[in-house]
Amino acid sequence: MSRSLIPGLRSLRPAAFGADPAGARLARIRRSPNFSVAEGSFQNPLGARTRPSGSSVEFAKIYFRKEERVRRGPTGTVPVHATTLADLAKPPASGLRITWMGHSSVLAEIDGRRVLFDPVWGDRCSPFAFAGPKRLHPVPVPLEALGPVDVVVISHDHYDHLDLPTIKALAGTDTVFAVPLGVGAHLERWGVPADRLRELDWHESAQVAGVTLTATPARHFCGRGVRNQQHTLWASWVVAGPEHRVYHSGDTGYFPGFAEIGAEHGPFDATMIQIGAYSDFWPDIHMTPEEGMRAHLDLQGGQPRGVMLPIHWGTFNLAPHAWSEPGEGTVAAARRAGARIALPCPGEPFEPAAEDVPGAPWWRGVAVAPEGGWTEHAAADSGEQPEAAPVG
């Protein structure tokens, strides 16, 4: 192909695909200790298969089987908290309040600042408005009604974490964006000024509005568009204020680095841990609820401290497991560990330091029940009786 045609082809690239890093940004990527020049890609802290393993035919059989499809979505209207905006209008009594907006989108109000993780307000996590996984519940509040945000934190560039219409809307505000190395190329194409980007490699930090944001390792991968060059990094994040600190896992498979992150940056008042969209077909890049609880404990120095918020579930159908399974699995894992978890429905704020945090399994009213029923299912997994479970 003539090189003179390449710029023209690039101009035809759909906006949702973002942009490839180039120039000084690409040079910085190639200098990163986490980038292999020989392989031309970022590397995981522990080897990971980034494509589905096993038979694609077998996966298709499972994914499209009628009885499985019924279990993978809610049977009715997903409950969404009705008074989110009114609740957020009052400052948190403890100085830390967490509001799960669905999937991995979380608003953390920490020591007087507002941090918005992986905001996805779009109807589909897809480059196309007419195809791709569709939202299973409405967003709890309109983005324009949410009010000022000090910093938006992005974990990686997959469509269910980096949403074009959401970023374009936020680009018109004064917020700062903290992103992993390389992701800034997408945001600049979508209208975010370079001076409002804090683009970090693993173990690098930035100060924004009095809080410290640190990009920490994760075990995942990146990619938008037809090609996947692995030229943008994926990360988990630590956000530390003067009095509180929280952790957001982004997407990740389990790896021993959680203990190292906890030793350096923890313990945390709250962890937000990916526990959904897992499968035996991609075991290295997403955690099961049991692995998510193990990660939470590692981050907390092996102790069931703080509150774990399960994220990356409930909003989009992205894996073969039942829609309710991540929630049920987290309940069971918390019972076994004696750990404190929060189970808010989308849009329900909670303060981790409060005596009571949301603990009701809200999804059970709109999901296909497992064999044996809900209570028996959770109790059988935990080996305990339901009334003894320290949930919430």
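Read in the numbering used here, the sequence shown has 288 at position 297, and its numbers run on one by one without any break. Ideal placement from N, C-alpha and C gives every residue a C-beta, glycine not left out. If you're wondering where the values come from, they're calculated on a predicted model, not measured in any experiment.
Query                                                                                                                      : Result
CA-to-CA distance, V174 to L224, given in whole angstroms                                                                  : 7 Å
L161 versus P184: straight-line alpha-carbon distance, rounded                                                             : 11 Å
Residue ranges of each alpha helix (DSSP H) within the segment 292 to 341, 4 or longer                                     : 316 to 328
Closest Cα partner of W193 within the set A209, R187, V199, V202                                                           : A209
Cα-Cα separation between R388 and W365, rounded to whole angstroms                                                         : In the structure as shown, the chain begins at -8 and stops at 383. Residue 388 is therefore absent and cannot be evaluated.
Residue closest to A6, alpha-carbon to alpha-carbon, out of I158, R105, A323                                               : I158
For I101, three-class secondary structure by DSSP                                                                          : strand
Endpoints, alpha helix (DSSP H) assigned at M278                                                                           : Neither: M278 is in no alpha helix (DSSP H) and is coded neither H nor E.
Range covered by the beta strand (DSSP E) that runs through F168                                                           : 167 to 171
Residue span of the alpha helix (DSSP H) that contains E255, given as start and end                                        : 248 to 256
Cβ pair count under 8 Å reaching 3, the segment 238 to 249 against the segment 317 to 325                                  : no
According to DSSP, residues forming a beta bridge with T203                                                                : Q198, A231
Beta strand (DSSP E) segment containing A404, residue limits                                                               : In this structure the chain extends from -8 to 383, so residue 404 is not present and cannot be described.
Chain-order list of residues whose beta-carbon lies under 8 Å from that of L127 (same chain, five-residue window excluded) : G64, P65, V69, G305, T306, F307, N308, W314
DSSP-derived helix/strand/coil call for F272                                                                               : coil
Element boundaries [alpha helix (DSSP H), containing T75]                                                                  : 75 to 79
Alpha carbon of A84 to alpha carbon of E339, nearest angstrom                                                              : 16 Å
Coil, strand or helix - I266 by DSSP                                                                                       : coil
Boundaries of the alpha helix (DSSP H) in which G14 is found, first to last residue                                        : 14 to 22
Cβ neighbours of G123 in the same chain (closer than 8 Å, five flanking residues each side left out)                       : R115, C116, S117, Y150
Start and end residues, beta strand (DSSP E) containing E179                                                               : Segment 175 to 180 is the alpha helix (DSSP H) holding E179; no beta strand (DSSP E) there.
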